[in-house]
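Numbered by the numbering used here, the letters in the sequence shown go through residues 100 to 419 in order.
Cβ coordinates follow ideal geometry from the N, Cα and C atoms, glycine included.
Fair warning: this is a prediction, and the values are worked out from it, not measured in the lab.
Just below is one structure, and these are the notes that go with it.
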Amino acid sequence: MPKQAVLLLAHGTPETAGQIPEYLRNVVSGRPLPPQVVQEIQHRYSLIGRSPLTDITLQQARLVETELAASGHPVPVYVGMRNWRPYIPEVVRQMRSAGVEQAAVVCMAPQNSRTSVGLYRRAVEAEAAGLRIDFTESWAAHPLLIQAFAERLRPALARLSAETGSPVPVLFTAHSVPCRTIQAQAPPPDAPFRSAPQAADPYAEDAKHTATLVAAQIPEISQWYFAFQSQGASGGPWLGPTVEQTLDSLAASGVKTLLLQPIGFLCDHIEILYDVDILFRSHAQKLGMRLERPESLNASATLARAVAALARLGLVRLTG
């Protein structure tokens, strides 16, 4: 029987503000960034202390490992990061050195995108050599993922509705990406005759599908909306509407209290602890609106069951 393992992939985050310049170079593949952009990111990190993304992802890996062992698949679960330590190539080499021959790979970003999931996959395959991998492309509609988000959202919605004495609308969010990266692309001029254009990226539809399924789990939701958050400052137009635009519109329509749930993120990190808890909340307050959010999935047992289920399927496919 080949030696098997599971590899979880995530974005990665620096431990200190001093590491941010190096980290940002990794994020943008070495392209130069204006000093003011670096300083702004350092400022944001200083306001939240540090991002717990790596620590939480390692905790999630241990939960998945426990879940797999309990279900009869006792295999090690590794964690690799695309933009910071432990880097994906280093972890894949570590797995090969440990004798791992087959690995189920799950990206901790449920919605598939060429600009995120595709880059993670290429990083793994570049170091795989003889290591056979099964890569989960998308799990935006996995029932246990939907259940995990609903488990966080339902009590927060009930509490906020009770406090306000009226139904509270919900705003679902996912990280924005540059529009150019998800549009259908024509084949290059030197492509073979009759080459088909590259299909549009599924990311936007994946994200909205996740939101739709979560909302369907909670009939108490009176109204819900969707926005893309954390747009970048370069690369042309980014997917919208933005959270700020949506808050402006909802405030103008008379909404006084809003519950925001990010459904593209599986744990706390800067896009939640700063963008949501500080930036969006401050924007809402200026509009006379109260903005709250449910607890992030983090150490959710249901999330661990979802990832373990995906990993088991991958391991079975590798031995089939």
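- Candidates Ala239, Asp376, Gln330, Pro133, of which the one nearest His274 by Cα: Stepping through the sequence shown from its first residue, residue 274 is reached at position 175. His274 has its Cα closest to that of Gln330, out of Ala239, Asp376, Gln330, Pro133.
- Message: With DSSP as the reference, identify every bridge partner of Trp337, one or two as the case may be.
- Response: Reading the sequence shown from its first residue, position 238 is the one you call residue 337. DSSP lists Pro277 as the bridge partner or partners of Trp337.
- Under 6 Å Cβ to Cβ from Arg389, same chain only, skipping five residues before and after it: list those, please. As a position in the sequence shown, residue 389 is number 290, starting the count at 1. These residues qualify, in order along the chain: Thr356.
- Taking only runs of the beta strand (DSSP E) that begin and end inside the segment 345 to 388, which ones reach a length of at least 3 residues, in chain order? Complete beta strand (DSSP E) runs here, min 3: 356 to 361.
- Closest residue to Asn182 among Leu412, Val127, Ser333 (Cα-Cα distance): For the purposes of this step, residue 182 is identified with residue 83 of the sequence shown, where counting begins at 1. Check the Cα spacing between Asn182 and each of Leu412, Val127, Ser333: the tightest is with Val127.
- Message: On the criterion of 16 or more Cβ atoms from any shown chain inside 10 Å, does Ala326 qualify as buried, or is it exposed?
- Response: For the purposes of this step, residue 326 is identified with residue 227 of the sequence shown, where counting begins at 1. Of the residues assessed, Ala326 falls on the buried side of the cut-off, its CB having 16 or more other CB atoms within 10 angstroms.
- Query: With a CB to CB cut of under 7 Å and the five nearest residues on each side skipped, what residues in its chain are close to Val375?
  - Reply: Taking the sequence shown and counting its residues from 1, one reaches residue 375 at position 276. Counting only Cβ-Cβ distances below 7 Å, and skipping sequence neighbours, we find Leu359, Pro361, Arg392.
- Just to confirm, are Pro151 and Glu164 a CB contact at a threshold of 8 Å? Against the sequence shown, residue 151 aligns to sequence position 52. Against the sequence shown, residue 164 aligns to sequence position 65. No; because the gap between Cβ atoms is not below 8 Å, this pair is not in contact.
- Task: Output the boundary residues of the beta strand (DSSP E) element that contains Thr235.
- Result: Along the sequence shown, read from residue 1 onward, the residue named residue 235 stands at position 136. Element bounds for Thr235: 231 to 235.
- Message: What does the alpha-carbon distance come out to for the pair Arg404 and Pro133?
- Response: Within the sequence shown, numbered from 1, the residue matching residue 404 stands at position 305. Within the sequence shown, numbered from 1, the residue matching residue 133 stands at position 34. Taking the straight line joining both Cα atoms gives about 42 Å.
- Run of the alpha helix (DSSP H) containing Val191, from where it starts to where it stops: For this step, residue 191 is matched to residue 92 along the sequence shown. DSSP places Val191 in the uninterrupted alpha helix (DSSP H) bounded by 187 to 196.
- Would you call Pro287 buried or exposed, if buried means 16 or more other Cβ atoms sit within 10 Å of its Cβ? Position 188 of the sequence shown, counted from the first residue, corresponds to residue 287. Because Pro287 sits at a pLDDT of 49, beneath the cut-off of 50, its placement in the model cannot be relied upon, and the following sentence gives the value as read from the coordinates. Of the residues assessed, Pro287 falls on the exposed side of the cut-off, its CB having fewer than 16 other CB atoms within 10 angstroms.
- Query: Span of the beta strand (DSSP E) holding Gly419?
  - Reply: Locating residue 419 in the sequence shown gives position 320, where the first residue counts as 1. Run containing Gly419: none; DSSP gives neither H nor E here.
- Beta bridge counterpart(s) of Tyr177 as assigned by DSSP: Counting from 1 along the sequence shown, the entry for residue 177 is found at position 78. Beta-bridge pairing links Tyr177 to Leu106.
- Looking only at C-alpha atoms, which of Gly229, Gly117, Ser265 sits nearest to Arg149? Start at 1 with the first residue of the sequence shown, and residue 149 comes out as number 50. It is Gly117 whose Cα lies nearest to the Cα of Arg149.
- Message: For His142, count the other beta carbons within 10 Å of its own beta carbon; 16 or more makes it buried, fewer makes it exposed. Which is it?
- Response: Position 43 of the sequence shown holds residue 142. That one is exposed.
- Query: Among the residues of its own chain, which have a CB less than 8 Å from the CB of Glu250, if the five just before and after it don't count?
  - Reply: Residue numbering aside, residue 250 sits at position 151 when the sequence shown is read from its first letter. Hits under 8 Å: Ser399, Thr401.
- Could you tell me which residues DSSP pairs with Leu270 in its beta bridges? By 1-based counting over the sequence shown, the position of residue 270 is 171. BP columns for Leu270 point to Tyr324, Leu359.
- Query: Where does Leu390 fall in DSSP's three states?
  - Reply: In the sequence shown, residue 390 corresponds to position 291, counting from 1. Strand.
- Put Val216 into one of helix, strand or coil per three-state DSSP. Stepping through the sequence shown from its first residue, residue 216 is reached at position 117. For Val216, the secondary structure class from DSSP, reduced to helix, strand or coil, is helix.
- Query: From Ala408 to Gln328, what distance separates their C-alpha atoms?
  - Reply: Taking the sequence shown and counting its residues from 1, one reaches residue 408 at position 309. Taking the sequence shown and counting its residues from 1, one reaches residue 328 at position 229. Their Cα atoms are separated by approximately 29 Å.
- Query: Quick one, which of Ile369, Val276, Tyr324 has its alpha-carbon nearest Gly335's?
  - Reply: Working through the sequence shown from its first residue, we reach residue 335 at position 236. Among Ile369, Val276, Tyr324, the Cα nearest to that of Gly335 is on Val276.
- Rounded C-alpha distance that separates Pro131 from Tyr177: Your numbering for residue 131 matches position 32 in the sequence shown. Your numbering for residue 177 matches position 78 in the sequence shown. If you take the alpha carbons of Pro131 and Tyr177, they lie about 32 Å apart.
- alpha helix (DSSP H) containing Gln43: first to last residue? Nothing can be reported for residue 43, as the shown portion of the chain is limited to 100 through 419.
- Message: What residue range does the alpha helix (DSSP H) around Gln246 cover?
- Response: For the purposes of this step, residue 246 is identified with residue 147 of the sequence shown, where counting begins at 1. Here the alpha helix (DSSP H) through Gln246 covers 242 to 263.
- Query: If you follow the alpha helix (DSSP H) that Ala315 is part of, which residue opens it and which one closes it?
  - Reply: Here residue 315 refers to the residue found at position 216 of the sequence shown. Looking at the DSSP string, the run of the alpha helix (DSSP H) that includes Ala315 is 302 to 315.
- Message: Using the Cβ count rule (16 or more neighbours within 10 Å means buried), how would you classify Met100?
- Response: Looking up residue 100 in the sequence shown gives position 1. So Met100 counts as exposed.
- Burial state of Gln384 (16 or more Cβ within 10 Å): On the sequence shown, position 285 is the one that residue 384 refers to. Around the beta carbon of Gln384, fewer than 16 other beta carbons lie within 10 angstroms, which makes this residue exposed.
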